[in-house]
Structures are given as structure tokens and as C-alpha cells.
Amino acid sequence: MAQTPKLLVVTDLDGTLLDHHDYRFDAALPALERLKRHEIPLILNTSKTAAELISLRERLGTAAPYVVENGAALVWSSGLTPDSDAPLGAMMGQRMQPFGATRAEILAALAQIRRDTGLRLEGFSDWDRDTLIQHTGLDPDSAAQALDRHFSEPLLWQGSDAELKLLERALRRHGLRLLKGGRFVHVIGQSDKGRCLGPLRRAYQRHWGSMPRVIALGDGENDVAMLDAADHPVLVRSPVNPLPRLSAAARPRAYTPEALGPEGWNDAIERLLAHYQLR
Ligand SMILES: [Mg+2]
2 MAQTPKLLVV TDLDGTLLDH HDYRFDAALP ALERLKRHEI PLILNTSKTA AELISLRERL
62 GTAAPYVVEN GAALVWSSGL TPDSDAPLGA MMGQRMQPFG ATRAEILAAL AQIRRDTGLR
122 LEGFSDWDRD TLIQHTGLDP DSAAQALDRH FSEPLLWQGS DAELKLLERA LRRHGLRLLK
182 GGRFVHVIGQ SDKGRCLGPL RRAYQRHWGS MPRVIALGDG ENDVAMLDAA DHPVLVRSPV
242 NPLPRLSAAA RPRAYTPEAL GPEGWNDAIE RLLAHYQLR
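In terms of our numbering, the sequence shown opens at residue 2 and continues consecutively.
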């Protein structure tokens, strides 16, 4: 039999590996255990900040690289070497490869847009920790971690759809983009959750001596770039959002488990491991 290819698992968190309502991942524990047994890296790719991921990475037992703030930066971890021409900074004591605008650039553009358009924009940068807690219900530690952002600015959206379009156009002129979440819209640079896959594939290819196949799992619109770029895109059903729409090229490769959230995550990983004869 041909040698089993090396696999990477790249996953969204909220609504995908973590339950939409209670953020638990118990239902995915059997599959997580099997990934560990087969030493398949679990790479988190999320809108969360690096600070927010510290304890979660520990609880998930993953030391693999991870991607923060909607694809804006890839934090490398030991044993892996980024491309030699990659721009690198530092984050969490590790090498960090940025893909998008910095938060300072984003905040400067937003200040300009406020002046130019008169739009009432209110976001994390306008708040202290207690105000953020009032708006989100986060506990104090989580609120402090959520405020520790480097590449994105969440705005509490309270305007009309027409105003949102106006904001989107203004951001585009500054080379920025808008991602719609739930109560918040996120202003980010020209990065997306798919940009990290090339650098990750190449780094693991150097590490292992063979090109890995990528299993990617997500439940939202902001996951589409990641899913489109994966060998095995998995569309995880959400209790609140419609399934994101993949490119025509990626759709035939996609798998959509019946169960929602982490339970669907578990099913998809078990099915793909079985496909590769990994028990
Ligand atoms: Mg999600």
C-alpha cells in the first residue's frame, strides 16, 4: 500500500470545534484523542487573539502553530521554520508572521473615516475593560485578553444597512475590509483565514519531507477562504448561521456532517481518519 500522507488539521473555533452556545468541546474529545495518537497537528485558526488562546491551546493539548485575528497573523511554534523570505515579528515569545494591516493602521483609518463620513463608530479601542464586560458579558480575564488585539478592531454595529455599506466603501479606500460577525463587525486588513495555509504546508513539508494534506473545518463566511484552500474542507453546521458557500472548485471535496458544532467536528475527523486508514 502507498504510504499514508501526512495530515494537518486546521480549524475554526467558535461554532465549529467549540459549541456555539457554551463553548465546550467535549463532543470532539474522541477525535481530538485520535489526532494526538497519530501526531496530527491541530492548528487553531480563529478570530480570537493570541492572549485568548493561551489556556485553550493548553486544554486542547496542542503545541502546533496557530492563526489569530481572522488570519491576520500566524504564530509559529518550535520545530517549524517559516519560509526564508517571510516577514517576521514576535508574539507570545514566538516568531509571528503577519498577513494584514496592524491595529494602529486600522485605528488611524477609522479616525479618518469618522471625520470624513460622520458615521458613529464605536469599538473596542473606545472602551476600557469594564465597558467591554458590559457589552459582551465576558469575565474580567477574558475581557482583558480580548482587548489585547494587534490586527483588527471590532465595532459594535448600531447603524443601518446603508451606513454599513458606506463604511465598507470607505474602508476599501483605505485597503481594509469588514467582516460581519454577530453583534460586532470586525475591521481587518487584506488578510483572510486561507492565507496561512501555503506557509503552513511548506513549513510542514520541510519538517516531514513530504507535502501534507490539509483538513480544514469551519462554520462561517469568514472560514470560506480557508475551506476553499483545503484538501478536505469540512462545513460544520451552525445552530444560527446558514452553511457558508464554497467555491465551485472546492464543493466536490467538501464534507458536511449531519451533527452540529463539535459533534459534527468529531464525526468529520473520525470519517477522514478512517478514509486514510488511521484507526
Ligand atoms: Mg465560527
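A virtual CB, placed ideally from N, CA and C, is assigned to each residue, including glycine.
Sequence-distant residues of its chain with Cβ nearer than 7 angstroms to ALA260 (five each side left out): Here ALA260 has ASP268 as same chain residues with Cβ atoms under 7 angstroms from its own Cβ, once five neighbours each way along the sequence are excluded.
If I measure Cβ to Cβ from ALA230 and keep anything under 7 angstroms in the same chain, skipping five residues before and after, which residues do I get? Around ALA230: GLY195, LEU198.
Taking all protein chains shown into account, do 16 or more other C-beta atoms lie within 10 angstroms of the C-beta of TRP266, making it buried, or fewer, making it exposed? Flag for TRP266 reads buried.
Checking the sheet assignment: what are the DSSP bridge partners for PRO99? Note: PRO99 sits in a beta bridge opposite ALA74.
Hey, could you find the ends of the alpha helix (DSSP H) LYS166 is sitting in? Going by DSSP, LYS166 is part of the alpha helix (DSSP H) stretching over 162-174.
By the 10 Å Cβ neighbour count, where 16 or more other Cβ atoms means buried, how is ASN223 classified, buried or exposed? Classification of ASN223: buried, given that the 10 Å Cβ count is 16 or more.
For ASP15, which beta-bridge partners are listed by DSSP? DSSP, once it has assigned bridges, lists LEU19 as partnering ASP15.
DSSP beta-bridge partners of VAL186: According to DSSP, which records beta bridges pairwise, VAL186 is partnered with LEU156, LYS181.
DSSP three-state assignment for TYR277, whether helix, strand or coil: Residue state, collapsed to three classes: coil.
For VAL69, report the span of its beta strand (DSSP E) as first-last. Element bounds for VAL69: 67-69.
What are the start and end residues of the alpha helix (DSSP H) that includes MET227? Its alpha helix (DSSP H) spans residues 225-229.
Determine whether the beta carbon atoms of GLY177 and ALA110 lie at a separation below 9 angstroms. The question names Gly, but residue 177 in the sequence shown is Leu. Going by C-beta atoms, LEU177 is nearer than 9 angstroms to ALA110.
heavy atom of ligand 1 below 8 angstroms from ASP224 C-beta: In terms of side-chain proximity, the C-beta atom of ASP224 is found nearer than 8 angstroms to a non-hydrogen atom of ligand 1.
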